[in-house]
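Visitor: So that we are looking at the same thing, I have put the structure below in structure tokens.
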Amino acid sequence: MSATGEQTQSKKRSRAEEEVVELVSKLIQFDTSNTGELATTKGEKACAEWVAEKLHEVGYETEYVESGAPGRGNVFARLRGADPERGALMIHGHLDVVPAEAADWSVHPFSGAIQDGYVWGRGAIDMKDMVGMALALARQFKAEGTVPPRDLVFAFLADEENGGKWGSQWLVEHRPDLFDGITEAVGEVGGFSLTVPRPDGTEKRLYLVETAEKGLGWMRLRAKARAGHGSFLHDDNAVTILAEAVARLGRHTFPVVLSDSVAEFLAAVTEETGLQFDPESPDIEGQLAKLGTISRIIGATLRDTANPTMLQAGYKANVIPQTAEAVVDCRVVPGRQAAFEREVDELIGPDVEREWITKLDSYETTFDGHLVDAMNDAVLANDPNGRTVPYMLSGGTDAKAFARLGIRCFGFAPLQLPPDLDFTALFHGVDERVPVASLEFGTRVLEHFLLNS
């Protein structure tokens, strides 16, 4: 047994550690599938009301808010701190999940099964694990009369999986009062461990703290041309025009742009492992592959991406349609938005129109300051072989909305993961699950962090 394990076993388990696994399991049992459509998204209200009930049990006053549409439930609770003059820290998590097809899973995706050392189900790591840890600690602090250094605001939110249109984005636009006094925030996706080899044959655990997110945009492309009979010669076909533009865009490789967060991450990995990464190399993605499965995320943060995801055209096999449309998922490195759009326009050409369906800005903050120090101290107190490092998320979170209010945001949902677990594949994947030991570890780390933030 490691020294860390001995130290952990010698300490009495906290109330939050005792209940976090059961809370996460129960949260998963609420089917909060977000289809992206108001009519078919479900479960958020029931889940939010249950969260509010668990907070009421220990004495919180909560505010339940529906964000712009019936059933899009959000819950806020504030724990007063010792220094009311300091800005408050928000701990936020979303209650919705992406849909899951039960037939594809080893267990039912909404069973919350606790077996083989894991809690299983849709949302186990995205992000009902963090919701459960935050809820467990909020309950513990209130029940035990704990007074943190500053106000803590616990926010449980709707609609993150659809860009927060009916969640964080709506709340920021219509209820900014809910965020009064909040200066910093933590949420997904960060704080998880990456085990890397060191030159002396030992291993080091890096805990990746999200300090940046790529911009997120869903773009519609549209080509219009003459409609006609499918049997005629036809040199002005909207389907052909669109298909050629989509193919050019989908095959295009955007230039490498190294943001500060990515540069600092690569420098830290080089320092710990001796591995070298050359951003000028045409094989930079191949170099990153040495990091294992995390290279999926890191590789996607080196450059912009524009991935076609949907096509729609025509209404009968023998009719050449007047209009053809495509949807492209775009993720843009901070500082690259204008250059990205110019490059897209050159690729699709003048005969294809484009419009943004959804467009959310990129975000980046620095890896420094008291809050970062508190994260590192919390990790080291529970894992002396750990080190926090910054990184950029290739996707997006509710932090995009909160940054609009000037809130400094980080991804810090701490988990110590088995080295052989393909963590990134579990996001939106089949058999999503989180180790029980990781939840307990994360609860200890998060407790230390919140009491010293």
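The numbering of the sequence shown is full-length UniProt numbering, which starts it at 1 and goes up by one. Ideal placement from N, C-alpha and C gives every residue a C-beta, glycine not left out.
(1) I'd like the list of long-range same chain contacts for GLY190, defined as Cβ closer than 6 Å, with 5 residues on each side in sequence excluded.
(2) Buried or exposed: where does VAL147 fall if 16 or more other Cβ atoms within 10 Å of its Cβ makes it buried?
(3) Could you say which of THR62, HIS229 and PRO199 lies nearest to GLU272 if we only look at CA atoms?
(4) Using the beta-carbon count (16 or more within 10 Å), is VAL379 buried or exposed?
(5) According to DSSP, is GLU440 helix, strand or coil?
(6) Note down the Cα distance separating SER106 from LEU275, rounded to an integer number of angstroms.
(7) Using the C-alpha atoms, what's the distance from PRO279 back to ASP377?
(8) Nearest-angstrom Cα distance between ALA225 and PRO308?
(9) Between PHE410 and chain C, is the shortest Cβ-Cβ distance under 8 Å, so that the two count as touching?
(10) Reducing DSSP to helix, strand and coil, say where VAL344 ends up.
(11) Where DSSP assigns a beta bridge to ASP329, which residues make up the other side?
(12) Tell me the residue span of the beta strand (DSSP E) that contains GLU432.
(13) I need the straight-line Cα distance from TYR64 to SER394, nearest angstrom please.
(14) In angstroms, rounded to a whole number, what distance separates the CA positions of PRO255 and ILE284?
(15) Look at the Cβ atom of ARG72, then the Cβ atom of ALA134, and state whether they are nearer than 8 Å.
(16) Please work out which residues of its chain come closer than 7 Å, Cβ to Cβ, to ALA136, disregarding the five sequence neighbours upstream and downstream, and give them in chain order.
(17) Is it buried or exposed for LEU450, if we count other Cβ within 10 angstroms and need 16 for buried?
(18) Of the residues VAL319, ARG331, ASP116 and HIS229, which one's Cα is nearest the Cα of ALA300?
(19) Hey, how far is the Cα of GLY369 from the Cα of LEU95?
(20) Do PHE192 and THR293 have their CB atoms nearer than 8 Å?
(21) Identify the residues that DSSP records as bridge partners of ILE320: which are they?
(22) Grouping DSSP H, G and I as helix and E and B as strand, with all else coil, what is ARG122?
(23) Any idea if GLY335 is buried or exposed, counting beta-carbon neighbours within 10 angstroms, 16 or more meaning buried?
(24) Does the stretch 240-255 come into contact with the stretch 342-355, if we say contact requires no fewer than three beta-carbon pairs (one atom in each stretch) closer than 8 Å?
(25) For VAL445, which of ALA69, THR388, ASP116 and LEU221 has the nearest alpha-carbon?
(26) If you drop the 5 nearest sequence neighbours on each side, which residues of the same chain put their C-beta closer than 8 Å to that of GLN29?
(27) Mapping DSSP to helix, strand and coil, what is ARG13?
(28) What is the DSSP secondary structure of MET1, reduced to helix, strand or coil?
(29) Can you give, in chain order, each stretch of the beta strand (DSSP E) that sits fully within the stretch 177-220 and has at least 3 residues?
(30) Could you compute how far the alpha carbon of PHE427 sits from the alpha carbon of HIS234?
(31) Nearest to LYS128 by CA position, among LYS26, LEU194, LEU55 and ALA212, is which residue?
(32) From PRO384 to LYS204, what distance separates their C-alpha atoms?
(33) What span of residues does the beta strand (DSSP E) with LYS359 cover, start to end?
(34) Around the Cβ of MET219, are there at least 16 other Cβ atoms within 10 angstroms (buried) or fewer (exposed)?
(35) Please list the terminal residues of the continuous beta strand (DSSP E) segment that includes HIS92.
Guide: On the basis of the supplied data:
(1) LEU208, VAL209, GLU210, GLY411 and PHE412
(2) It counts as exposed.
(3) Between GLU272 and the set THR62, HIS229 and PRO199, the nearest pair of CA atoms involves PRO199.
(4) buried
(5) Looking at GLU440 - three-state DSSP - the assignment turns out to be helix.
(6) 37 Å
(7) 31 Å
(8) Going from the Cα of ALA225 to the Cα of PRO308 covers about 21 Å.
(9) Checking the listed chains, one finds no chain C in this structure; it contains a single protein chain.
(10) helix
(11) TRP218 and ASN307
(12) Unbroken run through GLU432: none, as it is neither H nor E.
(13) A direct Cα-Cα distance of roughly 31 Å separates TYR64 from SER394.
(14) 12 Å
(15) No.
(16) ALA16, GLU19, VAL20, LEU23 and THR443
(17) buried
(18) ARG331
(19) Each residue's Cα considered, the two are about 30 Å apart.
(20) no
(21) ILE320 pairs with GLY228.
(22) coil
(23) exposed
(24) yes
(25) THR388
(26) PHE110, SER111, GLY112 and GLY121
(27) coil
(28) The pLDDT assigned to MET1 is 39, lower than 50, so where the model puts this residue is not dependable; a value taken from the coordinates is nonetheless given after this. Note: MET1 maps to coil in three-state DSSP.
(29) The DSSP assignment places 182-187, 192-197 and 203-213 as complete runs of the beta strand (DSSP E) inside the stretch 177-220, in order along the chain (cut-off: 3 residues).
(30) For PHE427 and HIS234, the distance between alpha carbons rounds to 45 Å.
(31) LYS26
(32) 10 Å
(33) 352-360
(34) buried
(35) 88-94
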